[in-house]
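Structure record follows, encoded as structure tokens.
Shown next, in the form of structure tokens:
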């Protein structure tokens with residue numbers, strides 16, 4: 046939360062206009078926060094300097110600490126205490142013991158290398174490698190831009206103004222102090238004093254440079270929360286280290302007391318009631334649960350838990366999807382609630398079954414998002430951060446979340462999807478919990494479903510299994526976002542494709558929030574996503590870094606998940622504002638185990654240029670075959686290494702080029718893109734076929750002329766597929782007659798008998814090779830020894 050602005054009449058009037066239409070409760074809370082911040086700034090309220098020992102003593106609950114005489118006594122209390130209980134792998138020494146074993150040599154080496162980089166003053170943060178904040182560290186510096194946050198009261202710092210303070214994310218990331226966990230883990234494993242000494246020096250340095258309430262590092266309540274969590278982890282990790290001296294611990298407790306009161310007073314209840322609010326509530330809960338020595342602890346614990354319980358059903362839809370339509374913030378939410386539940390259960394605090402049920406739904410969706418390599422596609426904003434730094438893995442790797450959740454929520458299928466127990470699981474659950482997860486992995490009991498539509502949250506996920514070679518697609522088919530859609534991108538009906546865990550067609554990422562308004566808008570534009578633009582216009586239009594002046598919410602018009610195919614049809618009203626009668630509908634077909642077909646139907650009453658954009662993964666290379674086909678070589682270590690890309694319909698030759706993709710916040714690189722362009726008026730179809738290939742497998746496609754509608758043929762080894770795509774509800778010619786939306790006819794060879802069919806459309810009817818297939822919405826038919834096995838609402842019969 047931040048107040049910003051000033052008390053001049055103009056700024057007050059401006060803020061009053063901003064608050065027009067807000068509820069009385071919101072106005073009251075915002076006013077209370079603004080008044081509190083102003084009183085702090087004037088030195089009339091709260092801590093504005095270093096807390097004295099006497100002040101700390103007055104805030105301690107001596108029924109918990111015992112007779113408090115000096116810092117040494119307090120340090121002895123913290124060393125000896127067995128309650129409150131922390132995460133199982135820390136005090137037990139389980140995680141450190143595991144990491145010292147030969148089996149974990151690689152993980153141990155990665156950990157110590159990361160800790161040694163901290164000792165050298167080199168920090169790999171967000172998408173930046175080897176950042177140097179100076180020696181001693183300048184805690185207010187953005188080393189990328191060279192700018193510093195001003196030495197002012199936190200409420201007067203314009204942290205979104207990159208021209209004045211640089212990228213606040215880069216400043217805040219080191220001030221989250223998650224590298225204290227890296228140092229603490231390294232100390233636990235090695236007991237080498239240098240790691241504890243570095244932690245102690247930096248903690249003292251930070252407190253010297255950041256007196257309470259001054260500077261950019263107090264300007265966000267979420268950052269205050271994450272720092273408090275990191276400090277509590279550090280106290281536990283270093284609690285047996287002599288470098289955590291009585292003086293250092295006492296000073297940290299003074300600051301943590303300030304952190305707690307600051308969080309309680311400046312919660313983002315109305316400023317950012319998303320992961321900001323739940324992250325802040327988690328910080329309050331952590332402080333209250335782990336510092337019962339402070340009189341305010343019970344209040345913080347209860348307040349934090351109350352917010353977490355209230356917000357979970359608000360922020361996670363009934364189908365388990367996080368309400369901001371951003372997959373990485375979904376992962377944040379899963380982490381936040383897992384930590385809260387684990388800490389509560391460890392300390393015998395009640396957790397309602399309704400809370401556990403909604404958290405299970407959250408993890409259900411995370412499992413569906415997970416690709417075969419344990420990563421999730423990054424759709425919408427990502428900031429590259431983490432709640433805790435308990436292993437050296439890519440930020441989109443969610444295997445630790447799934448394996449941990451399998452034990453906490455008693456769902457073996459989560460561990461099966463994770464496929465491995467990572468270092469983080471040992472720190473959180475200890476050896477016994479990790480062993481439980483490993484047993485679930487060995488049992489390999491995967492979720493019963495494969496493809497799934499999340500109608501409330503707005504995602505369709507298509508997969509042909511949970512095995513290591515599975516194909517996986519995510520289609521954004523719902524609302525732009527929630528609240529002011531601050532973490533949304535203009536990605537209505539965008540697709541993200543992977544094979545065997547290897548990303549093929551990818552979301553471009555985020556790159557920046559505020560450091561470059563131009564880059565911010567570019568990475569959110571529809572042209573940067575795998576969807577359609579009309580006249581170079583995006584479906585949704587931004588109005589600043591975290592808001593929108595025009596939003597396009599997608600909707601699902603049809604969905605089918607079968608055994609031969611999956612199919613989704615979606616549309617959105619984003620181009621109605623152009624005033625040329627423009628519309629866009631997209632159908633995505635998944636021919637299971639084989640390929641995807643994307644059919645974009647664009648309509649306009651005036652001549653316009655429609656373009657379907659596709660962005661390849663970093664490291665891909667294009668080998669063009671014809672003006673309508675190419676092979677993308679993708680940087681996979683195993684499995685699928687090539688992607689056939691073919692195009693058909695009312696299009697010009699495929700335009701290939703290079704565009705930016707951001708693998709993590711603050712970094713970007715060039716990767717290939719394909720653009721299918723159609724110019725004209727009326728209704729046009731842009732058709733894309735994307736087929737992953739092994740190294741020596743050939744794929745071809747071509748379009749056959751028809752009297753009405755379209756037939757696209759995809760020819761693979763021992764498979765000859767005819768895709769029938771209706772125009773005005775009809776396909777006729779080439780020996781077929783279809784009334785409906787579309788169909789797939791499969792043969793083993795061009796002149797062979799039909800092996801299988803899929804038919805779509807209400808009251809659809811397909812006549813082919815003396816067979817009639819009907820469907821009331823969608824149906825599939827597969828030939829077997831007894832005739833035809835039909836699934837869905839349909840039938841097959843022979844005609845003479």
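In my numbering, the protein residues as written are 46 to 845.
Glycine residues also receive a C-beta, built at the ideal position from the N, C-alpha and C atoms.
The structure displayed is predicted, hence computed values, not measured ones.
With 16 as the cutoff for other CB atoms within 10 Å, does residue i come out buried or exposed?
i	result
residue 698	exposed
residue 486	buried
residue 150	exposed
residue 352	buried
residue 670	exposed
residue 192	buried
residue 343	exposed
residue 843	exposed
residue 53	Annotation note: pLDDT 44 at residue 53 (below 50); position unreliable, no value reported.
residue 97	exposed
residue 426	buried
residue 357	buried
residue 830	exposed
residue 297	buried
residue 258	buried
residue 117	exposed
residue 282	buried
residue 128	exposed
Give the range of the beta strand (DSSP E) segment to which residue i is assigned.
i	result
residue 541	540-544
residue 640	640-660
residue 749	745-749
residue 170	168-170
residue 426	Unbroken run through residue 426: none, as it is neither H nor E.
residue 850	A question about residue 850 goes unanswered here, because the residues of the chain that appear run from 46 up to 845.
residue 826	816-829
residue 512	No beta strand (DSSP E) contains residue 512, which DSSP labels as neither H nor E.
So, at 7 Å on beta carbons, what are the nonlocal neighbours of residue i in its own chain, with the 5 sequence-adjacent residues on each side left out?
i	result
residue 510	495
residue 95	256
residue 440	429, 431 and 709
residue 81	90 and 310
With DSSP run on the structure shown, which of helix, strand or coil describes residue i?
i	result
residue 774	coil
residue 842	strand
residue 262	helix
residue 456	coil
residue 553	coil
residue 345	helix
residue 567	helix
residue 11	Residue coverage of the chain in this structure runs from 46 to 845, which leaves residue 11 outside it and unanswerable.
residue 381	helix
residue 213	helix
residue 705	strand
Roughly how many whole angstroms lie between the Cα atoms of residue i and residue j?
i	j	result
residue 57	residue 262	Confidence is the limiting factor: at residue 57 the pLDDT is only 48, short of 50, which leaves the residue's position unreliable, though a coordinate-based value still follows. The straight-line gap from Cα to Cα measures roughly 25 Å.
residue 371	residue 525	10 Å
residue 100	residue 340	12 Å
residue 825	residue 622	39 Å
residue 797	residue 820	24 Å
residue 443	residue 415	8 Å
residue 135	residue 226	11 Å
residue 48	residue 360	Residue confidence is low: residue 48 scores 43 on pLDDT, short of 50, so the model does not pin down where it sits. No coordinate-derived value is stated.
residue 752	residue 781	10 Å
residue 458	residue 743	36 Å
residue 147	residue 471	16 Å
residue 543	residue 748	26 Å
residue 491	residue 461	6 Å
residue 557	residue 276	27 Å
residue 324	residue 240	28 Å
residue 423	residue 250	36 Å
residue 686	residue 702	20 Å
Got a sec, what are the start and stop residues for the alpha helix (DSSP H) residue i sits in?
i	result
residue 146	Unbroken run through residue 146: none, as it is neither H nor E.
residue 399	398-414
residue 124	116-125
residue 471	468-488
For residue i, I'd like the list of residues in its chain whose CB is within less than 6 Å of its CB, leaving aside the five on either flank, ordered along the chain.
i	result
residue 304	269 and 273
residue 365	406, 407, 409 and 410
Once the 5 residues before and after residue i are set aside, which same chain residues still bring their CB inside 8 Å of it?
i	result
residue 837	605, 607, 820, 822, 823, 824 and 825
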